[in-house]
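*Asks:* Have a look at this one before I ask anything.
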Amino acid sequence: MENIFEFVAEKLITDEGGCMYISGVPGTGKTATLRGVKQKLFDNSNSLPSFKFIEINGLKLAQPDRFCSHFLLELDGIKKSNYQATDILTKRFSSSIIDKEFIILFIDELDYLKTKNQAVLYHIFDWPNRPNSRLIVLAVANSMDLPEKIFVNRVSSRLGLTRILFHPYSHKELKTIVTSRLVDLNDFEIFESDALELICRKVSAVSGDARRVLDIARRAVEICLEDNSSASNSIDRIKNDDFTKVTMRIVDKALKEIFNSLKINRIMRASIQEQIFLRAFLQKYRQSGSEEYQFIDIYQAHCDICHFECSTVPTTTDLSKVASNLDLNKIILLERSHSHLFRRIRLNISPDDIAYALNLES
């Protein structure tokens, strides 16, 4: 958090615009950290130049190309078409007027602002770097290489980005997080050490998503409390440390409940090529943190796995049929496009669910 706060504070004090790109897989604390930075900025506002803080969540916009009109509305309370808003904002952040207000723009879920021509993302990265922009952008995304994808045909050196990468939590870090969240469960250790370790290791092996660990832990606690409430004198047993704790058996039951769905059952019954396709997607996800790829990206990763395991390498046509089947079963979301090689693909299920269904946690 300190690095982000210091970045913003320095830009404010030196009267410069700038952009920080904050990336990492879901559930690694990016948004929570930015909320802490926001609070610290307001706590220290008396010692900093005045600023206006605006927060926009890309996931909550009806369409990504409405970003500029939404930004202008938040900034000045003016309703304009997206075309007009883009023009107004571009002029504002290009103006040489030196007494305009500093803007700190926190954009969460930046991945969802991608468009066909990437104009929205281009403006987001370009505006802060204009002279006298007085705009500081804190852009949060899952994809680690999003800027490179946008500027593949442009001069990426103009970005001037400062980057921070949030690494997935290790099983030890996840265990610390869960333990701290469970302190309100009286003053006893409700989890057996091995039981909590099992949850954290399973999740850390795939995504390191603290939210998923907490979901599983909560369900395990609920099952444990249900088991204890059915026993007589449960309150006395708690006071006498005779309370049945969350065991490996209970955790295993919670895991099966949480991961028991039609989609997971479908993956468990998937064909070899369908399983390899999902493994290829998971491999790409682990590498970059992005939840969306073009078909050709998955095809290449799929072929690599096939070569390594001496499996039959499918043609693009055959693998396109595999993708269509997974789309039909709502496991992935496949873009409708004439060019099947460049169709965009998104997961419609948690990466943890895929790993569980294919037994890839270890």
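If you're matching positions, the sequence shown starts at 1 in full-length UniProt numbering and goes up one per residue. Ideal placement from N, C-alpha and C gives every residue a C-beta, glycine not left out. If you're wondering where the values come from, they're calculated on a predicted model, not measured in any experiment.
#1: Rounded to whole angstroms, what is the Cα-Cα separation between Asn82 and Cys68?
#2: By the three-class DSSP mapping on this structure, what secondary structure does Met268 have?
#3: Using the three-state DSSP reduction, which class does Lys175 fall into: helix, strand or coil?
#4: For Ser23, list the residues DSSP reports as bridge partners.
#5: At the level of alpha carbons, what is the spacing between Lys149 and Leu105?
#6: Give the secondary structure of Asp87 by DSSP, where H, G and I count as helix, E and B as strand, and everything else as coil.
#7: Tell me, please, whether the CB atom of Arg211 is closer than 8 Å to any CB atom in chain C?
#8: If you reduce the DSSP assignment to three classes, tell me which class Asp187 lands in.
#9: How far does the beta strand (DSSP E) with Asp108 in it extend, from its first residue to its last?
#10: How would you label Arg336, buried or exposed, when you count the other beta carbons within 10 angstroms and need 16 or more for buried?
#11: Got a sec? Which residues, its chain only, sit under 8 Å from Ile97 by beta carbon, not counting five neighbours each side?
#12: Decide if Asp252 is buried, meaning its Cβ has at least 16 other Cβ atoms within 10 Å, or exposed.
#13: Flag this pair as yes or no: are the beta carbons of Arg212 and Gly27 separated by less than 8 Å?
#14: Between residue 392 and Phe125, how many whole angstroms is the CB-CB distance? I'm expecting something under 8 Å.
#15: Does DSSP classify Lys149 as helix, strand or coil?
#16: Between which two residues does the alpha helix (DSSP H) carrying Leu334 extend?
#17: Does DSSP put Val246 in a helix, in a strand, or in coil?
#18: Which value, in whole angstroms, describes the spacing of the CA atoms of Ser207 and Ser95?
#19: Look up Tyr293 in the DSSP assignment and give the residues it is bridged to.
#20: Under the rule that 16 or more other beta-carbon atoms within 10 Å means buried, what is Gln300, buried or exposed?
#21: I'd like to check one pair, Lys263 with Lys321: are the Cβ atoms closer than 8 Å?
#22: Are the Cβ atoms of Phe311 and Ile258 separated by less than 8 Å?
#23: Would the beta-carbon of Phe5 fall within 8 Å of that of Val25?
#24: Could you pull out every residue in the same chain whose Cβ sits closer than 6 Å to the Cβ of Ser156, ignoring the five residues on either side in sequence?
#25: Contact between the segment 139-148 and the segment 175-183: three or more CB pairs below 8 Å?
#26: Could you have a look at Glu192 and say whether DSSP puts it in helix, strand or coil?
#27: Within the same chain, show all residues whose beta-carbon is closer than 6 Å to that of Ile56, passing over the 5 residues directly before and after it, in chain order.
*Replies:* Based on what the coordinates show:
#1: 6 Å
#2: helix
#3: helix
#4: Ala141 and Leu165.
#5: 22 Å
#6: helix
#7: Checking the listed chains, one finds no chain C in this structure; it contains a single protein chain.
#8: Here the model assigns Asp187 a pLDDT of 38, short of 50, so the residue's position is not dependable and the matter cannot be decided.
#9: Phe102 to Asp108
#10: exposed
#11: Once the five neighbours on either side are set aside, the close Cβ partners of Ile97 are Asn132.
#12: By the neighbour-count definition (other C-beta atoms within 10 Å, threshold 16), Asp252 is an exposed residue.
#13: yes
#14: Here the chain comprises residues numbered 1 to 362, so residue 392 is not present and cannot be evaluated.
#15: helix
#16: That residue, Leu334, is in no alpha helix (DSSP H); its beta strand (DSSP E) goes Ile332 to Leu334.
#17: strand
#18: C-alpha separation (whole angstroms): 44 Å.
#19: Ile345
#20: exposed
#21: For the pair Lys321 and Lys263, the CB atoms are not nearer than the 8 Å cut-off.
#22: Reading off the sequence, residue 311 comes out as Ser, not Phe. Their beta carbons are not under 8 Å apart, which means Ser311 does not touch Ile258 by this criterion.
#23: It is not a contact, given that the beta carbons lie outside the stated cut-off.
#24: Note that Ser156 scores a pLDDT of 49, beneath 50, so its modelled location is shaky and nothing firm can be said.
#25: no
#26: Under the three-state reduction of DSSP, Glu192 is assigned to coil, being neither helix nor strand.
#27: Ile107
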